[in-house]
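Residue numbers (my numbering): 44 to 231. Using N, Cα and C, we set each Cβ at its ideal position, and we do this for glycine too. A quick note: this is a predicted structure, and the numbers were derived from the prediction, not measured. Down below is the structure, laid out as C-alpha cells.
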C-alpha cells in the first residue's frame, strides 16, 4: 500500500519522529515498512517480514510505503465563509494534497519496481521474471482504496510517475527478507 504521512508540505521528519507517532498510539511496530524523505532518500522503518500497522485488515499481507508529506495549508472556511482568528486574519487549515517532490516520485517508482521484482520472482518460484510480468501480478494500492481516507493524496491507479498497469491480483508481500540495489537506510 502507498501512503502519505499526512504531514505538512516541505517539512521532513526523522525515522525516530515517525516511529514516535505509532508508539504514541501504543503500537509496537510503525505503520510503514518504508518512508521516502523529501530528498528521495528511502528509509526502512521495519523489515518486511514483520507486520506493520498501515492498513487495518490488510497488514498481514502488505508492505506499506509512505512519502513524507500529504497536506498543504489552505484557507479555513465554514459554510462558504472564511474563518478569522482573534486578530482578524484568515485562519488556515491543513488539507490533503499531493505534495511529493520529484525526488520522492522517482524514489517511489524505484522502490515499487524493486519490490515487484523481489516478490514476483518468489510468487512464481525461482523462475526469473521481467519487471513487466511483476507489475501485472502484484497489486499496488493507495490506502484510500480500502479506507475512508484521502491517503496518499494522489490516484495510485493513474499516476504517471508510477506508470502502473493497475489491476492484477495478489498481495505485495510474499514473505522473505528484502534485498535491493537501491540505497535504503535501515532503522530496525
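Return helix, strand or coil for residue i, following the three-state DSSP convention.
i	result
residue 99	coil
residue 135	strand
residue 155	helix
residue 148	helix
residue 92	coil
Per DSSP, which one or two residues make a beta bridge with residue i?
i	result
residue 113	50
residue 185	45
residue 118	135
residue 234	The structure shown does not extend to residue 234, since the chain spans only 44 to 231, so no value can be given for it.
residue 106	For residue 106, which the question treats as bridged, DSSP gives no partner whatsoever.
residue 125	120
Tell me where the alpha helix (DSSP H) around residue i begins and ends.
i	result
residue 60	58-66
Counting along the chain, where does the beta strand (DSSP E) carrying residue i start and finish?
i	result
residue 78	77-79
residue 85	85-87
Only counting the same chain, and skipping five residues up and downstream in sequence, which positions put a Cβ closer than 8 Å to that of residue i?
i	result
residue 192	186
residue 184	44, 45, 199
Quick one: residues in its chain with C-beta nearer than 6 Å to the C-beta of residue i, no 5 flanking neighbours on either side, listed in chain order?
i	result
residue 94	102, 103
residue 143	110
Short of 7 Å in beta carbon distance, which residues of its chain neighbour residue i, apart from the five on each side in sequence? Order them along the chain.
i	result
residue 80	55, 86, 111
residue 135	116, 117, 118, 119
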